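Participant: Dumping the structure here so I can ask a few things about it.
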Ligand SMILES: [Zn+2]
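Residue numbers (my numbering): 3 to 217.
Spelled out as structure tokens, the structure:
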């Protein structure tokens with residue numbers, strides 16, 4: 003039903019670029035061309051993560067587009083952004099069995115109505131042909147917003163926030179998120195998967211800021 007309403011609205015409202023507002027497309031060529039590949043400091047890989055892959059620097063039109071997706075609820079932007087993330091995944095030598103989005107707590111999910119990481123992961127799964135796991139990996143602690151916390155605070159905030167509740171997970175999973183900051187959240191998620199039996203956990207994010215908090 004939701005999808006029908008969305009399709010109906012799409013007929014009435016012309017697409018606008020989520021990066022710059024230009025009419026006619028969800029993501030224009032000029033904005034795509036402005037995305038800067040993430041080549042910043044190598045991401046320190048924590049014990050529970052095998053590797054981390056980030057497509058772009060979190061700045062400019064991409065930052066704006068992700069804001070449109072997450073806070074302005076422009077869900078359709080997940081399609082072109084997810085396609086870009088799938089393209090980045092193809093460049094990584096990861097032997098994967100499945101993809102899983104970083105889950106939201108059900109309370110946050112109810113407030114927002116959707117999980118932006120899941121929308122991106124769905125696109126990546128559709129394009130890559132990898133199965134998508136949604137459900138068994140659960141966020142059981144309603145954490146405070148990571149953006150408000152420093153690094154030790156972030157680690158503390160998400161500790162034990164996730165559990166795996168289902169049949170044993172596949173051996174090699176990539177966790178998908180929109181923006182990676184300190185990695186505390188994805189690490190906590192990886193921990194839960196490792197406890198459940200996943201041998202290799204990877205982290206795939208669309209963007210990361212060049213300026214990381216080293217506090
Ligand atoms: Zn644009």
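Beta carbons are placed, not taken as given, at the ideal position from N, Cα and C, and that holds for glycine.
Quantities reported herein were computed from a predicted structural model and do not represent experimental measurements.
Under a CB-based cut-off of 9 Å, is residue 34 close to chain B?
Facilitator: Note that chain B does not occur in the displayed structure, where there is just one protein chain.
Participant: Can you name the residues that DSSP bridges to residue 103?
Facilitator: As a position in the chain shown, residue 103 is number 101, starting the count at 1. Looking at the DSSP assignment, residue 103 forms a beta bridge with 178.
Participant: Go through the segment 129-164 residue by residue and report every complete run of the alpha helix (DSSP H) that reaches 4 residues or more, in order.
Facilitator: 153-160
Participant: Can you look up residue 216 in the DSSP assignment and give me helix, strand or coil?
Facilitator: Your numbering for residue 216 matches position 214 in the chain shown. The predicted model places residue 216 with a pLDDT of 39, which falls under 50 and marks its position as unreliable; any figure quoted below should be read in that light. Coil, per DSSP.
Participant: Should residue 9 go down as buried or exposed, given a rule of 16 or more other Cβ atoms within 10 Å for buried?
Facilitator: The residue labelled residue 9 in the question sits at position 7 within the chain shown. With fewer than 16 Cβ atoms within 10 Å of its Cβ, residue 9 is classed as exposed.
Participant: Between the alpha carbons of residue 65 and residue 21, how many angstroms are there, rounded?
Facilitator: By one-based count along the chain shown, residue 65 stands at place 63. By one-based count along the chain shown, residue 21 stands at place 19. Their backbone Cα atoms lie some 8 Å apart in a straight line.
Participant: Have a look at the DSSP bridge pairing and note the partners of residue 8.
Facilitator: Counting from one through the chain shown, the residue named residue 8 turns up at place 6. Looking at the DSSP assignment, residue 8 forms no beta bridge with any residue, so it has no partner.
Participant: When you get a sec, list the residues whose CB is within less than 6 Å of any heavy atom of ligand 2, chain order please.
Facilitator: Looking at this structure, you won't find ligand 2 anywhere; what it does contain is ligand 1.
Participant: First and last residue of the beta strand (DSSP E) that includes residue 53?
Facilitator: By 1-based counting over the chain shown, the position of residue 53 is 51. Run containing residue 53: 53-59, per the beta strand (DSSP E) assignment.
Participant: Quick one: what's residue 14 bridged to in DSSP?
Facilitator: On the chain shown, residue 14 is found 12 positions in, with the first residue counted as 1. None, per the DSSP bridge assignment.
Participant: Quick one: measure Cβ to Cβ for residue 28 and residue 82, integer angstroms, because I've assumed they're closer than 8 Å.
Facilitator: Sequence index remark: in the chain shown, residue 28 carries index 26 (1-based). Sequence index remark: in the chain shown, residue 82 carries index 80 (1-based). That belief holds up - the Cβ atoms of residue 28 and residue 82 are roughly 5 Å apart, short of 8 Å.
Participant: Quick check: the Cα distance between residue 116 and residue 194, rounded to an integer number of angstroms?
Facilitator: Looking up residue 116 in the chain shown gives position 114. Looking up residue 194 in the chain shown gives position 192. Approximately 22 Å, taken between the alpha carbons.
Participant: Would you call residue 119 buried or exposed, if buried means 16 or more other Cβ atoms sit within 10 Å of its Cβ?
Facilitator: Numbered from 1 along the chain shown, position 117 holds the residue referred to as residue 119. Counting Cβ neighbours within 10 Å, residue 119 comes out buried, since at least 16 surround it.
Participant: What are the boundary residues of the beta strand (DSSP E) that residue 202 is part of?
Facilitator: Position 200 of the chain shown, counting from 1, holds the residue named residue 202. Element bounds for residue 202: 202-210.
Participant: To the nearest angstrom, how far is the alpha carbon of residue 39 from that of residue 60?
Facilitator: Along the chain shown, read from residue 1 onward, the residue named residue 39 stands at position 37. Along the chain shown, read from residue 1 onward, the residue named residue 60 stands at position 58. Cα to Cα, residue 39 sits roughly 10 Å from residue 60.
Participant: Going straight from the alpha carbon of residue 217 to that of residue 50, what length do you get?
Facilitator: Locating residue 217 in the chain shown gives position 215, where the first residue counts as 1. Locating residue 50 in the chain shown gives position 48, where the first residue counts as 1. With a pLDDT of only 32 at residue 217, under the threshold of 50, the placement of this residue in the model should not be trusted; the figure read from the coordinates follows. If you take the alpha carbons of residue 217 and residue 50, they lie about 22 Å apart.
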